[in-house]
Amino acid sequence: MGRGLGSWSLFFHVLIMMCAHGNAAREPLKVHWKGLTGHDHENKQLMEKQIYAEKEDDHNRGTNLLRLHSMDGDAMDDHLLTHRKQEDDDHKGINTKHIHAHHSSHMDHMDPSLNVFFIEKDLKIGKTMVIHFPNRDPSSSPHFLPKDEAISIPFSSTKLSHLLQVFSFSEGSPQAKAMEDTLRQCEHEPIKGETKFCATSLESMLDFARSIFGIGVHFKVLTTTHHKNSASKSQTSLLQNYTVLEVPTEIPASKMIACHTMPYPYAVFYCHHQKSESKVFKVSLGGEYGERVEAVAVCHMDTSAWGRDHVSFRVLGIEPGTPNVCHFFPADHLVWVP
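Have a look at this one:
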């Protein structure tokens, strides 16, 4: 099961990609967020997509959300943001507390980022699935702040006006909408059987993991990996056919924590643990354009308590409790296991 945090090389990779202190942390933040204020419409669209990327997988918190019940992966744009409040007001089910529980069949058919769901029996050699893996460069994402600095900055929707001034964003801007959404998602009450926490520093994320796994318990992080020697970015598509190349490996885990990236000026991860049974897999996939992906996937074995409108049921054409629901994780989301 590994020593310490498991795979040290992987752990340090996570550190390098997500942590930067002082001025080093500020530049990616400015590039990632301030770029949206430019006048180049094409660049603005690209930056907006990058800002809401987290929800492209998990936002699918449906995918993102799945943030477990929310899931882990789809894209969120303005029309989804517009519907989020109405859904939260109109529904009290599991998914309504996460952005990913959408009620429009139109979205299910049109949003390619919803192609992350499958069922456990699909995990067999030769199985081909249409999957959406966001093509993002982790180095361009916001970095974690040092814990002391993160603590010094208010993290509350009641302080949104102040925070917008701190980061020089205007009311109603894409950045303001993204920040408000992240804060409200983090403030939602957890669903039954769920323990959740929004980590604003690496230290706080590790503290949360220790609170779930127990002090003194060794744990490791799992991430989806896109092989560098595979097809170049220009040759790959976000949405393509992937074939299972090897027998998937189940990672023995008595507990698991899923952490999903959230759009914010600095790194914020929505981390949660579910008491219900889940299985974690490593899956070797080959894309139709030559890309090789070592993907992390989670299967939720008991969906009987999920709301009937959960996006995964519509995507898979199944009912709550029959059968399980699985989903792939994008490369910048994390799974912690003991």
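Read in order, the letters of the sequence shown correspond to residues -24 to -1, 1 to 314 in mature numbering (1 follows the signal peptide of the UniProt record, and there is no 0).
Ideal Cβ positions, reconstructed from N, Cα and C, are used throughout, including at glycine.
Remember, predicted model here, so these are calculated numbers, not experimental data.
Query                                                                                                                                                                       : Result
Just the C-alpha distance for C275 and E147, rounded to the nearest angstrom, thanks.                                                                                       : 39 angstroms
May I ask you to list the residues that DSSP assigns as paired with M238?                                                                                                   : V244
Please tell me whether V106 and F304 are closer than 8 angstroms, where the distance is taken between their beta carbons.                                                   : no
Please determine, among K103, P239, A229, the residue with the shortest C-alpha to C-alpha distance to V256.                                                                : A229
Name the DSSP bridge partner or partners of Y265?                                                                                                                           : BP columns for Y265 are empty, so no partner.
Just to confirm my understanding: we take K61, look at its own chain, exclude 5 residues before and 5 after, and list those with CB closer than 7 angstroms. What are they? : In this prediction, K61 has a pLDDT of 35, which is less than 50 and means its spatial position is unreliable; what the coordinates show is noted afterwards. Excluding residues within five positions, none has a Cβ falling inside 7 angstroms.
Could you check where the alpha helix (DSSP H) with F184 kicks off and where it finishes?                                                                                   : 178 to 189
In this structure, what does DSSP give as the bridge partners for C302?                                                                                                     : F94, C275
Near V269, which residues of its chain fall below 6 angstroms by C-beta distance, leaving aside the five closest residues on each side in sequence?                         : H202, L261
Hey, how far is the Cα of I101 from the Cα of A273?                                                                                                                         : 15 angstroms
Hey, which unbroken runs of the alpha helix (DSSP H) at 4 residues or more fall wholly within the segment 125 to 183?                                                       : 136 to 142, 150 to 163
Determine the closest residue to E163 out of S254, Y242, E222, F131, with distance taken between C-alpha atoms.                                                             : F131
Within a Cβ cutoff of 6 angstroms, which residues of the same chain sit near F214, ignoring the five residues on either side of it in sequence?                             : Phe is not the amino acid found at residue 214; the sequence shown has Leu there. The residues are H108, N111.
At a cut-off of 7 angstroms, is P130 close to the ligand ZN when judged by its beta-carbon and the heavy atoms of the ligand?                                               : The ligand content of the structure shown is nil, which means the ligand ZN is not present either.
Can you tell me which of the three DSSP states L198 falls into?                                                                                                             : strand
Please state the DSSP three-state secondary structure of H252.                                                                                                              : At residue 252 the sequence reads Ser, which differs from the His that was named. Note: S252 maps to coil in three-state DSSP.
If T200 sits next to A307, beta carbons under 8 angstroms apart, how far is it from one beta carbon to the other, in whole angstroms?                                       : 5 angstroms
Can you have a look at D124 and say buried or exposed, based on whether 16 or more other CB atoms are within 10 angstroms of its CB?                                        : exposed
Counting C-beta neighbours from all protein chains within 10 Å, is the total for G169 16 or more, i.e. buried, or is it exposed?                                            : exposed
Check each candidate in P239, Q250, V287 and name the one with the smallest Cα separation from P88.                                                                         : V287
Counting only the same chain and skipping the five closest in sequence on each side, list residues whose C-beta sits under 6 angstroms from that of E179.                   : K123
Tell me which residues share the same chain as Y246 and place their Cβ nearer than 6 angstroms to its Cβ, disregarding the 5 neighbours each side in the sequence.          : R43, C174, H236, M238
In angstroms, rounded to a whole number, what distance separates the CA positions of L121 and L139?                                                                         : 16 angstroms
Would you say residue 323 and W312 are within 8 angstroms of each other, going by their C-beta atoms?                                                                       : Here the chain comprises residues numbered -24 to 314, so residue 323 is not present and cannot be evaluated.
Just how far apart, CA to CA, sit F94 and R290?                                                                                                                             : 12 angstroms
Given this structure, state the Cα-to-Cα distance separating P299 from S252, to the nearest angstrom.                                                                       : 14 angstroms
Nearest CA to the CA of T219: which residue from S280, Y265, I191, P118?                                                                                                    : Y265
Check whether chain C comes within 8 angstroms of H276, counting only Cβ atoms and requiring the distance to be less than that.                                             : Checking the listed chains, one finds no chain C in this structure; it contains a single protein chain.
Please list, in chain order, all residues of the same chain as M277 whose beta carbon is under 6 angstroms from its beta carbon, the five residues on each side excluded.   : E253, N300
Would you kindly report the start and end of the unbroken alpha helix (DSSP H) that includes V291?                                                                          : 287 to 292
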